[in-house]
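Inspection log for the structure reproduced underneath, given as structure tokens.
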Amino acid sequence: MPLYTADALILRTYKLGEADRIVVFLTRDRGKKRGVAKGARRPRSRFAAALEPMTEVRLAYFEKESRELVGLNYAEMVRSPLTLAMRSDGPPEGGPHRGSLADALGYIGYFAELLDEWAQEADADDRLYRLGASMLDALSAGAPVQPLARYFEYWLLRLQGVYPEARGTLSDAAMAFLAASRSVTPMQVGDVPVPPGVLKELEQVHRALIAMHLEKQLKSDRVLRDLRRHN
6 MPLYTADALI
16 LRTYKLGEAD
26 RIVVFLTRDR
36 GKKRGVAKGA
46 RRPRSRFAAA
56 LEPMTEVRLA
66 YFEKESRELV
76 GLNYAEMVRS
86 PLTLAMRSDG
96 PPEGGPHRGS
106 LADALGYIGY
116 FAELLDEWAQ
126 EADADDRLYR
136 LGASMLDALS
146 AGAPVQPLAR
156 YFEYWLLRLQ
166 GVYPEARGTL
176 SDAAMAFLAA
186 SRSVTPMQVG
196 DVPVPPGVLK
206 ELEQVHRALI
216 AMHLEKQLKS
226 DRVLRDLRRH
236 N
């Protein structure tokens, strides 16, 4: 069986047997993969915290043509959104959009689930990988989560060719935010002037488009709604 090494974003994991995990991850050069991390649930697992959602890792895996699941050899953490816990939870000077730490951490699962739903098995898409990695950069730097989420949804829908012409259905302020989003990086999106009402408008439009395209509601979307009700 050939051994592959790759940069990857962890999208989700779930239990397998008594000690293992199935890991869904997105690679830059070979698309989305699913693999077995043996012993990952043991206290002294060699995988440690490298399998958390939206963590960027350097991993190695064995792949056999007749098997759907690859076998993970190791996963070394490169960057993790959990570094958010190391920064202050308070707003920066002049930064009206920065959400709470709980909000930022809540969006990690949302971004990971969207990438998982959109990424195709074994179909390399460098643009999708770079979008996910840029979200990790922005989250780790403490970018404001509400504009960042609208930016991510917009670009994800655009890359997949399912963002319709919105003229006449969105306000001028919402169209201005989308126009600005085409020319700034995720870490710069907090500098784009946008009223809170516009972010809510875009959230409703984007969630409807996502649900229509996927033909289901995201689990993480419900988690975010519950989180918002308790804040």
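Using the working numbering, the first residue of the sequence shown is number 6, and each one after it goes up by one. Quick reminder that beta carbons are idealized off the backbone N, C-alpha and C, glycines included.
Query raised in the report: Would S145 be called buried (16 or more neighbouring beta carbons within 10 Å of its own) or exposed?
Result: For the purposes of this step, residue 145 is identified with residue 140 of the sequence shown, where counting begins at 1. The residue is buried, with at least 16 neighbouring Cβ atoms inside 10 Å.
Query raised in the report: Is E122 helix, strand or coil when you go by DSSP?
Result: Working through the sequence shown from its first residue, we reach residue 122 at position 117. Helix.
Query raised in the report: Count the other CB atoms within 10 Å of the CB of K224; is the residue buried (16 or more) or exposed (fewer)?
Result: Indexing the sequence shown from 1 puts residue 224 at position 219. Exposed.
Query raised in the report: In whole angstroms, what separates the C-alpha of A124 from that of G202?
Result: The residue labelled residue 124 in the question sits at position 119 within the sequence shown. The residue labelled residue 202 in the question sits at position 197 within the sequence shown. Counting only the Cα atoms, G202 lies some 31 Å from A124.
**Report entry** Closest by C-alpha distance to L214, when choosing among D177, L162 and S186
**Finding:** Against the sequence shown, residue 214 aligns to sequence position 209. When only C-alpha atoms are compared, the closest one is L162.
Requested in this report: Measure the C-alpha to C-alpha separation of G99 and G147 and round it to an integer number of angstroms.
Outcome: Within the sequence shown, the letter at position 94 stands for residue 99. Within the sequence shown, the letter at position 142 stands for residue 147. In this prediction, G99 scores a pLDDT of 40, lower than 50, which makes its location untrustworthy; no coordinate-derived value is stated.
Query raised in the report: Mind checking whether L133 and L141 have CB atoms under 8 Å apart?
Result: Residue numbering aside, residue 133 sits at position 128 when the sequence shown is read from its first letter. Residue numbering aside, residue 141 sits at position 136 when the sequence shown is read from its first letter. Contact flag unset, no.
**Report entry** Per-residue DSSP class, three states only, for D12
**Finding:** Residue 12 sits at position 7 when you count from the first residue of the sequence shown. It is a strand residue.
Query raised in the report: Beta carbon of D25, beta carbon of A54: below 8 Å?
Result: Position 20 of the sequence shown, counted from the first residue, corresponds to residue 25. Position 49 of the sequence shown, counted from the first residue, corresponds to residue 54. Contact: no.
Requested in this report: Return the bridge partner residues of F67 from the DSSP annotation.
Outcome: Translated into the one-based positions of the sequence shown, residue 67 becomes position 62. For F67, which the question treats as bridged, DSSP gives the partners L8 and G76.
Requested in this report: Compute the Euclidean distance between the alpha carbons of K186 and P198, then round it to the nearest angstrom.
Outcome: For the purposes of this step, residue 186 is taken as the residue at position 181 of the sequence shown. For the purposes of this step, residue 198 is taken as the residue at position 193 of the sequence shown. The amino acid occupying residue 186 in the given sequence is Ser; Lys does not appear at that position. Computed Cα separation, rounded: 11 Å.
Query raised in the report: R51: which of I27, R39, A80 and E220 sits nearest, CA to CA?
Result: Within the sequence shown, the letter at position 46 stands for residue 51. Here the closest residue by C-alpha is A80.
Query raised in the report: How long is the line joining the alpha carbons of A138 and E61, rounded to whole angstroms?
Result: Against the sequence shown, residue 138 aligns to sequence position 133. Against the sequence shown, residue 61 aligns to sequence position 56. C-alpha separation (whole angstroms): 8 Å.
**Report entry** Length at least 4, wholly inside the stretch 20–46: the alpha helix (DSSP H) runs in chain order
**Finding:** none
Report task. Taking the CB atoms as reference points, tell me whether L153 and P191 lie closer together than 8 Å. Result -> Indexing the sequence shown from 1 puts residue 153 at position 148. Indexing the sequence shown from 1 puts residue 191 at position 186. Yes, the Cβ-Cβ distance between L153 and P191 is below 8 Å.
Query - Alpha-carbon to alpha-carbon, R155 and M217 - result: Along the sequence shown, one-based indexing puts residue 217 at 212. Along the sequence shown, one-based indexing puts residue 155 at 150. Whole-angstrom Cα-Cα distance: 17 Å.
Query raised in the report: Exposed or buried, what is K205 when buried is set at 16 or more other beta-carbons lying within 10 Å of its beta-carbon?
Result: Locating residue 205 in the sequence shown gives position 200, counting from the first residue. Exposed is the call here.
Query raised in the report: Tell me the DSSP bridge mates of M82?
Result: Stepping through the sequence shown from its first residue, residue 82 is reached at position 77. Answer is V62, bridged to M82.
Requested in this report: Classify R187 as helix, strand or coil using the three-state DSSP reduction.
Outcome: As a working mapping, residue 187 is identified with position 182 in the sequence shown. Note: R187 maps to coil in three-state DSSP.
Report task. Give every residue of the same chain whose Cβ lies closer than 8 Å to the Cβ of L8, excluding the five residues on either side of it in the sequence, and list them in chain order. Result -> The sequence position of residue 8 within the sequence shown is 3, counting from 1. Closer than 8 Å at Cβ, skipping near neighbours: A65, Y66, F67 and N78.
Query raised in the report: Thinking C-alpha only, which one of R47, K20, Q209 and T10 is nearest R2?
Result: Only positions 6 to 236 of the chain appear in this structure, which leaves residue 2 out of reach.
**Report entry** Beta-carbon contacts of A117 that lie in its chain and below 7 Å, excluding the five residues immediately before and after
**Finding:** Working through the sequence shown from its first residue, we reach residue 117 at position 112. A distance below 7 Å between beta-carbons, with the five flanking residues on each side excluded, links A117 to the following residues of its chain, in chain order: L16, R17, P58 and M59.
**Report entry** Classification of V189 by the beta-carbon crowding that lies within 10 angstroms, buried from 16 upward
**Finding:** Within the sequence shown, numbered from 1, the residue matching residue 189 stands at position 184. Burial call: exposed.
Query raised in the report: So, using beta-carbon positions, are L219 and E70 closer together than 8 Å?
Result: Position 214 of the sequence shown holds residue 219. Position 65 of the sequence shown holds residue 70. Taking 8 Å as the cut-off, the Cβ atoms of L219 and E70 do not count as close.
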